[in-house]
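Positions 15 to 252 (my numbering) are the ones given, in order, by the sequence shown. C-beta atoms are modelled at their ideal positions from N, C-alpha and C, and glycine is treated no differently. What you are looking at is a predicted structure, and each value in this text was computed from that prediction instead of being measured. Notes follow once the structure below has been shown.
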Amino acid sequence: MSSAAVRFTSSARSGLPLSKLVVTLTIVCCIQAFLGLPWNVVAACYSTWALICCGRLLSGDTTAIFDGLLFVTVLTLSNATLLWASLDSFSAYLHSVLPVILSAFLVAAFLISGVFYKSQREEQQKQAEDVEPTKHCRPLIFPCRTTHARMFPKKHSFAYSYLLAGVPVGPKQHHGRYGSMLSVDNNLKPWPANRKGWFHIQGSDYLDRGNENLDLNGKLTQYLRSQVCSQSSPLYTR
Numbered sequence: 015m016s017s018a019a020v021r022f023t024s025s026a027r028s029g030l031p032l033s034k035l036v037v038t039l040t041i042v043c044c045i046q047a048f049l050g051l052p053w054n055v056v057a058a059c060y061s062t063w064a065l066i067c068c069g070r071l072l073s074g075d076t077t078a079i080f081d082g083l084l085f086v087t088v089l090t091l092s093n094a095t096l097l098w099a100s101l102d103s104f105s106a107y108l109h110s111v112l113p114v115i116l117s118a119f120l121v122a123a124f125l126i127s128g129v130f131y132k133s134q135r136e137e138q139q140k141q142a143e144d145v146e147p148t149k150h151c152r153p154l155i156f157p158c159r160t161t162h163a164r165m166f167p168k169k170h171s172f173a174y175s176y177l178l179a180g181v182p183v184g185p186k187q188h189h190g191r192y193g194s195m196l197s198v199d200n201n202l203k204p205w206p207a208n209r210k211g212w213f214h215i216q217g218s219d220y221l222d223r224g225n226e227n228l229d230l231n232g233k234l235t236q237y238l239r240s241q242v243c244s245q246s247s248p249l250y251t252r
C-alpha cells in the first residue's frame with residue numbers, strides 16, 4: 015500500500031499523471047454528450063469543472079494548469095458548434111437586455127440634467143437676491159447717432175445710427191448672464207453657469223488687453239486709481 019502511494023507521488027512530481035489525463039479526456043467526452051442539453055446546463059458543467067480545477071490549484075497541485083489548458087484546447091477543437099451556440103445565446107440575451115440598459119441610462123441622464131438645471135436656477139435666484147439695486151444697475155441700451163462732415167480736401171458727410179450697451183461693473187459675484195442677450199465675464203464661473211449670452215463682454219478685451227488675471231471691475235479700478243483717484247478715495251464710477 016505504501017509502495018503504491020510512493021509510485022503515485024513520484025509520477026505526480028515528474029509530470030502529468032496518466033489517471034488525471036484519463037479523467038480530463040473523460041470529461042471532454044461527457045461534455046460532447048451534452049450537446050442535446052440547453053446551453054445553461056452545459057455552462058453549469060463548465061463551472062463545476064473550473065471550481066474543481068481551482069480547488070486543485072489551492073491544494074498545491076500544479077498539474078491542474080496543464081489539465082485546464084488541455085481541456086479547453088480539446089473542447090474548442092472538437093466541439094466548436096457548442097461554442098458558437100453559447101455565443102449566439104449570449105448575443106440573444108444581450109439584445110434582450112440592451113434596451114433596458116439604454117432606457118436606464120436615458121432616465122439617469124434626464125435626472126442628472128434636471129438636477130443641474132435646478133441648481134443653476136437656484137444660483138441665479140440667489141445672485142438676483144444678493145444684488146443691491148442702489149449700487150448695481152441693470153444693463154442699459156443707449157440709441158446713438160454719429161454724424162460727420164468735412165469741406166476739405168473734398169466735401170463729404172455721413173451719418174449712421176448705432177446702439178451703445180451699458181453694463182454694470184461690480185464684484186465677481188455680480189458677473190454673469192443677464193437674460194439670453196448679454197453676459198459679462200461669464201467665463202470666470204464654473205459650468206453650467208458660464209454660458210455666454212448673444213452679446214458677451216470679456217474683461218480681457220478691454221483696458222490692458224490680454225491680461226486675464228483681472229476682470230473688468232479690477233481693471234477699471236486699477237486704471238482709475240492710477241489716473242484720477244488715490245488708494246483711499248472711493249470709486250463712484252461703478
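| Asked | Found |
| --- | --- |
| Three-state secondary structure assigned by DSSP to Leu228 | coil |
| Identity of the residues DSSP links to Ser73 by a beta bridge | The partner list for Ser73 (beta bridge, DSSP) is empty, contrary to what the question assumes. |
| Straight-line gap, Asn231 to Tyr192 (C-alpha atoms, nearest Å) | 17 angstroms |
| Residue environment, Ser73, which counts as buried when at least 16 other CB atoms sit within 10 Å | exposed |
| Host beta strand (DSSP E) of Pro157 (start-end) | Leu154 to Arg164 |
| N- and C-terminal bounds of the beta strand (DSSP E) containing Tyr174 | His170 to Gly180 |
| Reference Ser194, options Phe213, Val121 and Tyr176, closest by Cα | Phe213 |
| Burial state of Ser175, where buried means 16 or more other Cβ atoms lie within 10 Å | exposed |
| Asp81 classed as buried or exposed, judged by whether at least 16 other C-beta atoms fall within 10 angstroms | buried |
| Whole-angstrom distance between Thr161 and Asp222, CA atom to CA atom | 30 angstroms |
| Ser197: first and last residue of the uninterrupted beta strand (DSSP E) it sits in | Leu196 to Val198 |
| Close beta carbons around Gly69, own chain, < 8 angstroms, minus the five adjacent residues each side | none |
| Reduced DSSP category for Glu146 - H, G, I as helix; E, B as strand; rest coil | Residue placement at Glu146 is flagged as unreliable, the pLDDT there being 48, under the threshold of 50; the coordinate-derived value follows with that caveat. Note: Glu146 maps to coil in three-state DSSP. |
| Classification of Asp129 by the beta-carbon crowding that lies within 10 angstroms, buried from 16 upward | According to the sequence as given, residue 129 is Val; it is not Asp. Exposed: under 16 other Cβ atoms inside 10 Å. |
| Span separating the alpha-carbon of Asp199 from that of Lys169 | 44 angstroms |
| Within 8 angstroms, strictly: CB atoms of Gly211 and Asp229 | no |
| Gln241 versus Asn227 - alpha carbon distance | 20 angstroms |
| Nearest-angstrom Cα separation, counted from Val183 out to Lys132 | 27 angstroms |
| 7 angstroms CB neighbourhood of Glu146 in its chain, flanking five on each side removed | The predicted position of Glu146 is uncertain, since its pLDDT is 48 and thus under 50; no value can be drawn from it. |
| Burial state of Leu125 (16 or more Cβ within 10 Å) | exposed |
| Ser197, buried or exposed, once every other Cβ within 10 Å from all chains shown has been counted against 16 | buried |
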